[in-house]
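Residue numbers (the working numbering), protein chains in the order written: chain A, 1 to 255; chain B, 1001 to 1350. All remarks here apply to the structure that follows.
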């Protein structure tokens, strides 16, 4: 009977320990040759020990279980271990990839062991489906990231770095390559250009009124229209008069 | 228009004899009227009655003045004391433009009784109109502020509900719960005492979080107990990777403090600061009072201000709640820790 070499990667020591004991009980031929407590270590240990199976926790510091899987899927069978991750579980179900939910029960572990025994007699061929599942997950995570808008501006304040909540900002103004952030309490310079900010800020709360200026709609005091039909905006607690360029006047037409 | 008007009048109030009524005189009276009205309008604006009040006043002044001047001119041209022609014009002048413009006509041979009736009627009508306008404005202002207050309350309720929901979701977040339960199960096999104490912490934590739904005020001590239970759980799970300390003077423990403000900061420090960092880090919670302001500081030595923090809605929810609870007197300050990590400072009036 050949021994099966396995690595467990989980950042929580108790859980590694528990899984190890459960595995030894369920599968006497298994040899846990190493344990990793973060993603990077998992990669190194997999390279050093060339295991048959890797049990990967999904949320780990350094590299996530997903990222580790991407890189080692050709060389070992992978079983994901997760406390709860609805999207991941959906993706694994779809691509028939094995996963264990924490707390791991002996019954469920037995099923996994049976499947692994069956597969191990064949060379690893799951890499394709793992890549599919990971691509699917990456797409979902990206999609979720894309819906959020910028809430904090990272700004240098003397020697300190501070986060300014966007609702405190009166307006943003382009200045050369940088952007001036004007709040009630003062001004600070940030590296992110106005063009990029325009894409990241919530379009309902922040309006670009000309090429170099984005205003906080909540900070608008008055909007006035000159004889020639040009609009200008005055902000609360601030003396600057900001001109609305013709391309952006539609924002004020309905007001 | 350049010609001199044919009639000469005596203006009794100023006791100027035989003042010539020409265009310049009429216009200067007109200018005077406008100046007085503008001054009143500006005064209303300055004492911040309303912007609208100022605008209404300017418009009514211009209308008054224009009508007044044209009626004065018309009256001067048309009046004929013998036949009584132009009496209507004189009365209308008095009604519309008020006593200032009508003064020009005082002493004119046109029947005096009509003028007095006109002035009286004019004053009465304008008083009534002004009274209505003023009342209407006051009502509008009062309604607007009532409406704003109502909106503020609704928003605040919504915020609190959302925050409660978020907290509930975070506290019984399946990932947190199942990971913690897995740990407890393991410890029951390997270290029973540790397992029991972790279970107690979980119960304490869950109990406290559920009771947060029924209370609107808490104390610093209670909030700290909740946070300590939470940190104890992570201490067991993360081992040496997490170290934490609290420095809160005993006299501040009974100070009132809103629930669900401190916990999200600590959770943020764990989730985005310490947990993703391979070598882990420290969390320090400090409280201090200075000049009626309470300062709660949660500092960590974790990952610090990364790119993704810009989108952090949990922290901006705290800002939003502070604003609703305390207006400008409460704030959340986020700064980079040295050499790494985040310092979150909550400032609220005590």
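For every residue, glycine included, the Cβ atom is placed at its ideal position computed from N, Cα and C. Keep in mind that this is a model prediction, so the values were computed, not measured.
Cutoff 6 angstroms; reference residue i; Cβ partners in own chain excluding five residues on either side
i: residue 211 of chain A; result: none
i: residue 1231 of chain B; result: 1244
i: residue 298 of chain A; result: In the structure displayed, chain A extends from 1 to 255; residue 298 of chain A sits before or after that span and is not available.
i: residue 1229 of chain B; result: 1201, 1204, 1205
i: residue 1111 of chain B; result: Unreliable positioning characterises residue 1111 of chain B in this predicted model, as indicated by a pLDDT of 43, which lies under 50. The coordinate reading is nonetheless provided below. No residues qualify anywhere along the chain.
i: residue 1241 of chain B; result: 1280
i: residue 208 of chain A; result: 198, 214
i: residue 1297 of chain B; result: 1286, 1345
i: residue 204 of chain A; result: none
i: residue 1299 of chain B; result: 1284, 1337, 1343
Residue i vs residue j beta-carbon contact at 9 angstroms
i: residue 1237 of chain B; j: residue 1283 of chain B; result: no
i: residue 244 of chain A; j: residue 206 of chain A; result: no
i: residue 49 of chain A; j: residue 73 of chain A; result: no
i: residue 1332 of chain B; j: residue 1313 of chain B; result: no
i: residue 1194 of chain B; j: residue 1185 of chain B; result: no
i: residue 1220 of chain B; j: residue 1253 of chain B; result: yes
i: residue 1304 of chain B; j: residue 1279 of chain B; result: no
i: residue 1181 of chain B; j: residue 51 of chain A; result: no
i: residue 13 of chain A; j: residue 53 of chain A; result: no
i: residue 81 of chain A; j: residue 97 of chain A; result: no
i: residue 1350 of chain B; j: residue 1255 of chain B; result: yes
i: residue 163 of chain A; j: residue 182 of chain A; result: no
i: residue 1348 of chain B; j: residue 1334 of chain B; result: no
i: residue 1341 of chain B; j: residue 1306 of chain B; result: no
i: residue 101 of chain A; j: residue 1178 of chain B; result: yes
i: residue 130 of chain A; j: residue 88 of chain A; result: no
i: residue 1223 of chain B; j: residue 1261 of chain B; result: yes
i: residue 239 of chain A; j: residue 201 of chain A; result: no
i: residue 42 of chain A; j: residue 95 of chain A; result: no
i: residue 83 of chain A; j: residue 1174 of chain B; result: yes
Under 8 angstroms from the C-beta of residue i: neighbouring residues of chain D
i: residue 38 of chain A; result: Looking at the structure shown, chain D is missing, and the protein chains on hand are A and B.
Local conformation of residue i per DSSP, three classes
i: residue 65 of chain A; result: helix
i: residue 173 of chain A; result: strand
i: residue 1256 of chain B; result: strand
i: residue 151 of chain A; result: coil
i: residue 84 of chain A; result: coil
i: residue 216 of chain A; result: strand
i: residue 52 of chain A; result: coil
i: residue 1049 of chain B; result: The predicted position of residue 1049 of chain B is uncertain, since its pLDDT is 49 and thus under 50; no value can be drawn from it.
i: residue 11 of chain A; result: coil
i: residue 1305 of chain B; result: coil
i: residue 1198 of chain B; result: helix
i: residue 157 of chain A; result: strand
i: residue 1297 of chain B; result: strand
i: residue 1287 of chain B; result: strand
i: residue 1108 of chain B; result: Residue placement at residue 1108 of chain B is flagged as unreliable, the pLDDT there being 48, under the threshold of 50; the coordinate-derived value follows with that caveat. The answer is coil: DSSP assigns residue 1108 of chain B none of H, G, I, E or B.
i: residue 58 of chain A; result: coil
i: residue 1278 of chain B; result: coil
i: residue 248 of chain A; result: helix
i: residue 228 of chain A; result: coil
i: residue 198 of chain A; result: helix
i: residue 961 of chain B; result: Lying before the first or after the last residue shown, residue 961 of chain B is absent from chain B, which here runs from 1001 to 1350.
i: residue 211 of chain A; result: coil
N- and C-terminal bounds of the alpha helix (DSSP H) containing residue i
i: residue 1321 of chain B; result: 1313 to 1326
i: residue 1238 of chain B; result: 1220 to 1238
i: residue 1272 of chain B; result: Here residue 1272 of chain B belongs to no alpha helix (DSSP H), and DSSP marks it neither H nor E.
i: residue 1349 of chain B; result: No alpha helix (DSSP H) holds residue 1349 of chain B; the beta strand (DSSP E) holding it covers 1342 to 1349.
7 angstroms Cβ shell around residue i - same chain, five flanking residues per side excluded
i: residue 237 of chain A; result: 184
i: residue 234 of chain A; result: 221, 222, 241
i: residue 1325 of chain B; result: 1258
i: residue 1048 of chain B; result: A caution first: residue 1048 of chain B carries a pLDDT of 49, below 50, which makes its placement in the model too unreliable to give a value.
i: residue 85 of chain A; result: 58
i: residue 16 of chain A; result: 8, 10, 35
Residue interval of the beta strand (DSSP E) (run including residue i)
i: residue 233 of chain A; result: 231 to 235
i: residue 1331 of chain B; result: 1331 to 1336
i: residue 1186 of chain B; result: Looking at the DSSP string, residue 1186 of chain B is not in any beta strand (DSSP E); the run it does join, the alpha helix (DSSP H), is 1174 to 1190.
Spatial neighbours of residue i in its chain, beta-carbon cut-off 8 angstroms, leaving aside the 5 residues before and after
i: residue 246 of chain A; result: 230
i: residue 22 of chain A; result: 104, 106, 109
i: residue 1218 of chain B; result: 1212, 1256, 1257, 1258, 1259
i: residue 176 of chain A; result: none
Spell out a yes or no on whether the region 154 to 174 of chain A and the region 133 to 140 of chain A are touching, meaning 3 or more CB-CB pairs, one atom from each, closer than 8 angstroms. No, the region 154 to 174 of chain A does not touch the region 133 to 140 of chain A.
With a cut-off of 8 angstroms, do at least 3 Cβ pairs link the region 1194 to 1209 of chain B to the region 18 to 37 of chain A? These segments do not touch.
I want to know whether the region 220 to 230 of chain A touches the region 187 to 194 of chain A - three or more CB-CB distances under 8 angstroms. no
Inter-stretch contact (C-beta, 8 angstroms, three-pair minimum) for the region 1248 to 1264 of chain B and the region 1147 to 1154 of chain B: no
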